[in-house]
Amino acid sequence: MKGGKKALTSSVFVALIAGVMVIFTATTQAAGIENNETVTISLPAQSLTTDLWVDVSAGSKALNLEMSNASPTNVDVDLFVRYGQPFTGTTAAELSNQADYHSIAADSAEWLHLTEAMAPPVKGGRWYIALVNYAQVTASVDLTVSHNANPVPKAQIIFQFDNTANGCKVDGWNDTTPFTPVAGNNATTVGQARRNAAMKAAELLAESLTSSVPIVIQGCWPDDLETSQNSAVLANAGPNRIGLNYPGLPLSGVWYGQPVMERLAGTEYCRIVGGLDCNIPTITANFNPKIDTDEGLGSTRWYYGLDSAAAGRNVDFISTAMHEITHGLGFISLVWVGDDKEFQCFSGQPAIMHTAGSKFCGLDDVFSLELVDYNGGDIRPFMELDDSQRLDAMQSGNELQWAGEAASQSERNIFRENNAGYVLMYAPNPLEPGSSVSHLFQSGNPYGTSYHELMTPMQRDNLRELGLAEYMLWSVGWNPQPLNNVTIQPGMWYDRAHDGHGMVIEPIRDNLYYVLFYTYDDEGNPEWMASAATVENGVFNITQGDGSLIRFLYDYDIGPNPDIQAHSPDPAVSASLKIDFNASAANESACLEGADRSGASHLAVVSWQVNDSSGSWCLEPIISIDRYPHPNLGASWWAGRSDQGWGLSLVFFDSSIAVVLYYYDASGQPRWAIGTQSDFVIGEEITVPLKEKHGYARTATPVALTETDAGSITLRLNSATNTLGADGEVVNLDVTYHGPEGGSWQRSGLPITNLTKAAE
Amino acid sequence: MNTVITFSPTPAKRLFMVVGLSCFLLSTTAWAEGRRLAVKTVPLVSAQKASAQPDIVNGYSLKAPKMTQSMARVMADGKVSRICRDVGVATKSLLVDDERKGKELLK
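Protein chains in written order, with this note's numbering: chain A, 1 to 760; chain B, 1001 to 1107.
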């Protein structure tokens, strides 16, 4: 017994010691944050930490991060989140650039509600977290993190009936005039009837929308809307803000309306832009109270029935509100349609004149990017036209069309069997300022029918469903499906069963990627081809159109020439390329056969076609991303427009550099050479010997490769740059082609710049 | 010879255990509020928020330039037809730089 007592005593003591050690560990060592856990973090004055993460379990579809209980209460602490890679930035600006999402309002109540329908989508893996304390005092905050498998929630639309900001008149919501109940609206006052109808409109819209961020609509009843006996403004609405280039927005340099911004960024406007005011509603909607008097439209009245739409002479409040709010949600082109108008778009810069057909502030907007000008022949993207061409399309009658896939293929698109199957937009001649472009086609159509939809410009039917507009909104940011649900490692990829061939895959921007295919022709001589396309749903070049893979030829009689391209597509080659990066690719026969793929970090299937030959190969990264340095200058580089048509891909690993040079032989055929060198140092000159490889045709049985010395390339690189030679990046090269065509490629002291984005 | 911990600790051991228990209880309290994490921090190189600079590369916002508007007209047959048009905002400047600047840093 005594011995047992001793053992018990010992255990208690050990437990206590362990307890103290746990306490010590928990309070002094950074660690991952568990699911549904709240941690308290103290940050010294004006400091940042990148020391936090959460391991999100596989199958998760939602990730929520919320800060609270700041001490002192008025400190400004910001929140940054990044999937898959730790933050390496040491300034707030660098953190913003690296973050997939941020919440950076001027307080410390930051929050992010991330979903699977964002870019990047919530998925299993490590999500890194950074915090910045701007205050000149130590700040303590609680951070609560949770993740789960819940799908994107239905949107919550909140109608504000009491927000008087910016002169909003709210008396109309409290009008005590007696009301006779009608069609399920059992209010006893006009004010209550209006509130019931507004909430019903919100409810009907919310049924078709998903978002983790509430949509807040400020409702107003101004008394100065244009009104007469025969004509009146019924209502107007719009988003309060637009923005671009914030974390979470899939396309850079493209305007998004405030509701879409908030949905895609996973937080409210003030937390996206770093704002002071977190009470800016998402949308403001104004309604004309005089319609309920003889002053507006005579005996016509607003109809507030909930269960059925207005008939006869009255105006349906719910249908009108739904139409206007839908515009506010993003169903609106920012291309200028009205009279000439100047806007000051950028601080410290002159105002910009907008004429019909102008891009707003000279930049694309996400709605207009879905539009094309289609006349039965060429399909020309609306935003790639010049202003004059765009104006012509806007007045073309039926050439202005919506190419978004979901809407075009929807059964609601009654024109899906016609021509390209796109959605026809409203493009009357002459232009109807406001109605043109931002509505569905309605009259004068060539097919003997017309849309019967909420978003046609004219309404007599008082429709109360989003209809075709729901699918169109998907294309501007309301898609409930996961977006780009893959992470693609930039750099060199190859197939173990086709060693010697390879591809360099790198982003140009966002989900637009550039692929350089270095391979061998039928005689085993080196040749290369290039392709640029978007990655949609994890697939590069999902349409795999003809000519999507281009083999270039070089004309020495022209180049190098700053005014004329010396390179042009080889007319004898028709080629295409498609790469599936989704996880399911690993189960494709290309990946199950031909070679042992064990140890591959990521498998993708490339389907290529060159003239009459084709194949499906299984790709994997050649170099593990763990070996990429920080900072990483790995990217494809070129010498700018004055000497274009050739270039080089650089891959850095450990302290070494790999170079693939794409050039031309004496007859202008595309050739490549490859080499590696150790001891690369940023800012210092390095010479890399290059080898000319000869191998086997893409459809031939693999044989051993042969190589000969091709020459060398000397580089000096200081930083990733989009400006030619901005930081002294130069190349010297002298390469000889030993094939039957012969030739040499020489450059000396030539400035170079990034063609693709440098990998982080 | 193994050290044996007796059931009757010395005063020093009792003190240690009291401290340990106190720490444990304090720790339990702290866990209820949120596990306290001590994280590595580095000083901010610049105390200015990135959002304070109106830079379209790093995020930029403006007032929306236009809204849509539904008009109603009484037609010859006495029915009301609704047509939607959009209208540009009246103001020339759409700048909202102040919204992005954040507040002055706490002194």
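Note that the Cβ used here is the ideal one computed from N, Cα and C, for glycine as well.
| query | result |
| --- | --- |
| With contact counted as at least three CB pairs below 8 Å, one residue from each stretch, are the region 235-248 of chain A and the region 185-204 of chain A in contact? | no |
| Under 8 Å Cβ to Cβ from VAL1096 of chain B, same chain only, skipping five residues before and after it: list those, please. | SER1061, LEU1062, LYS1063 |
| Give me the chain A residues within the contact set of ALA1047 of chain B, using Cβ-Cβ distance strictly less than 7 Å, ordered along the chain. | GLN46, TYR134 |
| State the start and end residues of the unbroken alpha helix (DSSP H) segment that holds PRO181 of chain A. | Looking at the DSSP string, PRO181 of chain A is not in any alpha helix (DSSP H), and its letter there is neither H nor E. |
| Measure the alpha-carbon distance for PHE331 of chain A versus ALA572 of chain A and round it to whole angstroms. | 44 Å |
| Quick check on DSSP: helix, strand or coil for GLU692 of chain A? | strand |
| With a CB to CB cut of under 6 Å and the five nearest residues on each side skipped, what residues in its chain are close to SER211 of chain A? | ALA155, ARG263 |
| Which ranges would you report for the alpha helix (DSSP H) in the region 441-495 of chain A if only whole runs of at least 4 residues count? | 468-473 |
| Give a yes or no on contact between the region 304-312 of chain A and the region 174-186 of chain A, applying the rule of three or more CB pairs nearer than 8 Å. | yes |
| Beta-carbon within less than 6 Å of TRP1031 of chain B's beta-carbon, same chain only, minus the 5 sequence neighbours each way: which residues are those? | Caution is warranted here: a pLDDT of 39 is assigned to TRP1031 of chain B, below 50, making its placement in the model unreliable, and the coordinate value is therefore given only provisionally. Within the same chain, TRP1031 of chain B has no close Cβ partners at all. |
| Please report the residue range of the alpha helix (DSSP H) in which ASP570 of chain A lies. | Segment: none, ASP570 of chain A is in no alpha helix (DSSP H) and carries neither H nor E. |
| Identify the continuous alpha helix (DSSP H) that holds CYS761 of chain A and give its terminal residues. | Summary: the structure shown does not reach residue 761 of chain A, with chain A confined to residues 1 through 760, and so no result is reported for it. |
| According to DSSP, what are the bridge partners of ASP364 of chain A? | A:VAL254 |
| From LEU549 of chain A to LEU577 of chain A, what distance separates their C-alpha atoms? | 6 Å |
| Report the option in A:ASP339, A:TYR246, A:GLY298 whose CA atom is closest to the CA atom of VAL273 of chain A. | A:TYR246 |
| With DSSP as the reference, identify every bridge partner of ALA666 of chain A, one or two as the case may be. | According to DSSP, which records beta bridges pairwise, ALA666 of chain A is partnered with nothing at all. |
| Grouping DSSP H, G and I as helix and E and B as strand, with all else coil, what is SER815 of chain A? | It is not possible to answer for residue 815 of chain A, since the shown part of chain A is limited to 1 through 760. |
| Would you mind telling me which residues of chain B sit closer than 7 Å to TYR246 of chain A, beta carbon to beta carbon, in chain order? | GLY1059 |
| Verify the CB distance criterion: does THR355 of chain A have a CB-CB separation below 9 Å to chain B? | no |
| Using the rule of at least 16 other Cβ atoms within 10 Å of the residue's Cβ for burial, across every protein chain shown, is GLY362 of chain A buried or exposed? | exposed |
| Which of the three DSSP states is assigned to PHE552 of chain A in this structure? | strand |
| When the Cα atoms are used, what is the spatial distance from GLN218 of chain A to ILE158 of chain A? | 9 Å |
| Considering only residues of the region 393-431 of chain A, which uninterrupted alpha helix (DSSP H) runs meet the minimum length of 4 residues and lie entirely inside it, listed in chain order? | 405-408 |
| Name the DSSP beta bridge partners of ARG1082 of chain B, please? | A:GLN459, B:ALA1072 |
| Is it buried or exposed for SER475 of chain A, if we count other Cβ within 10 angstroms and need 16 for buried? | buried |
| Please report the straight-line C-alpha distance between VAL372 of chain A and SER436 of chain A, rounded to a whole angstrom. | 14 Å |
| Are the C-beta of ASP142 of chain A and some C-beta of chain B separated by less than 9 Å? | yes |
| Starting from the beta carbon of VAL315 of chain A, find every residue of chain C whose beta carbon is closer than 8 Å, and list them in chain order. | Looking for chain C here will not work: the only protein chains present are A and B. |
| With a floor of 4 residues, list each alpha helix (DSSP H) that falls wholly inside the region 305-382 of chain A, ordered by position along the chain. | 317-329 |
| Can you grab the Cα-Cα spacing for the pair ASN722 of chain A / GLN644 of chain A, in whole Å? | 15 Å |
| As a quick exercise: from A:GLY266, A:LEU48, A:THR699, A:ALA58, pick the residue whose alpha carbon is nearest that of TRP617 of chain A. | A:THR699 |
| By DSSP, does ALA62 of chain A sit in helix, in strand, or in coil? | strand |
| Kindly indicate the opening and closing residues of the beta strand (DSSP E) around GLU94 of chain A. | Careful: GLU94 of chain A lies outside any beta strand (DSSP E), inside the alpha helix (DSSP H) at 92-98. |
| Taking Cβ to Cβ, would you say VAL659 of chain A is nearer than 9 Å to LEU690 of chain A? | yes |
| For ALA202 of chain A, I'd like the list of residues in its chain whose CB is within less than 6 Å of its CB, leaving aside the five on either flank, ordered along the chain. | ILE157, PHE159 |
| Between the C-alpha atoms of THR267 of chain A and TYR422 of chain A, what's the straight-line distance to the nearest angstrom? | 33 Å |
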